[in-house]
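Student: Can you keep this structure in mind? I'll have questions shortly.
If you want it as structure tokens, here you go:
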């Protein structure tokens, strides 16, 4: 017999399939390639239907990926006062952008040493400015809704960049957004702080002149 079904993938793509029963099907699985990340401007994007996701501020994954792709390719440094430099590692916030209640953070990590830097995890948290000791009661962790690159290792003498997408965020004057990068099996941890004045002056994505 014949039937049909629809699939909505985690990246918001909508697929419809016609299915015919066979005793011995020639293909048992279908691989959904990550083309949306690699080339969101390509013609293949026009062949897909997309659903708007609440976690993306009601935006489609295609638009979010196009923004990340454009920020990564343009590689501009619009912010010059936020970062961290220690242990032969330099971490920077290169840009902070806003679109449809989503914040886009363009970051870079440069390893000036000859020892590779294995990333354990990266986290974003809101903390009190005056807190000296970190406690669970004083920290509020923010989970990115999208990440452009899945970075694991930064080789010696290498630089990597990434785009993180966070839900909209504003802070009272006594709070900070802290970005932390932890080294796996090491102690060269990095962190930098973002003030509310930086968040509220994030550059609109419209100024990037996306297609």
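Residue numbers (the UniProt record's numbering): 1 to 211.
Think of the CB as a built atom: it goes at the ideal place given N, C-alpha and C, for glycine as much as any other residue.
Starting from the C-beta of residue 170, find all residues in its chain whose C-beta is less than 8 Å away, skip the five residues before and the five after it, and write them out in chain order.
Tutor: Within the same chain, residue 170 has close Cβ partners 196, 199, 200.
Student: Would you call the segment 52-72 in contact with the segment 123-132, where contact means no fewer than 3 C-beta pairs closer than 8 Å?
Tutor: Flag = no, the segment 52-72 and the segment 123-132 do not touch.
Student: Report the partner residues of residue 191 according to the DSSP bridge assignment.
Tutor: Beta-bridge pairing links residue 191 to 180.
Student: Does the contact criterion of 3 or more C-beta pairs under 8 Å hold for the segment 119-126 versus the segment 182-196?
Tutor: The segment 119-126, when compared against the segment 182-196, does touch it at the 8 Å Cβ threshold.
Student: For residue 127 versus residue 96, is the C-beta distance shorter than 7 Å?
Tutor: Against a cut-off of 7 Å, the Cβ pair of residue 96 and residue 127 comes out as no contact.
Student: Looking at the unbroken beta strand (DSSP E) that takes in residue 90, where does it start and where does it end?
Tutor: Start and end: 89-99.
Student: So, for residue 151: in the same chain, excluding its five sequence neighbours on each side, which residues have a beta-carbon less than 7 Å away from its beta-carbon?
Tutor: So the list reads 119, 160, 162, once near-sequence residues are dropped.
Student: What are the partner residues of residue 108, as DSSP defines its beta bridges?
Tutor: Answer by DSSP bridge pairing, in chain order: 92, 161.
Student: For residue 69, report the span of its alpha helix (DSSP H) as first-last.
Tutor: Where residue 69 is concerned, the enclosing alpha helix (DSSP H) stretches over 61-74.
Student: Below 7 Å between beta carbons: does that hold for residue 165 and residue 144?
Tutor: Yes, these two residues count as a Cβ contact at 7 Å.
Student: Indicate the three-state DSSP secondary structure (helix, strand or coil) for residue 103 in the structure shown.
Tutor: Here residue 103 sits in strand by DSSP.
Student: Helix, strand or coil for residue 6 per DSSP?
Tutor: DSSP places residue 6 in strand when its eight states are reduced to three.
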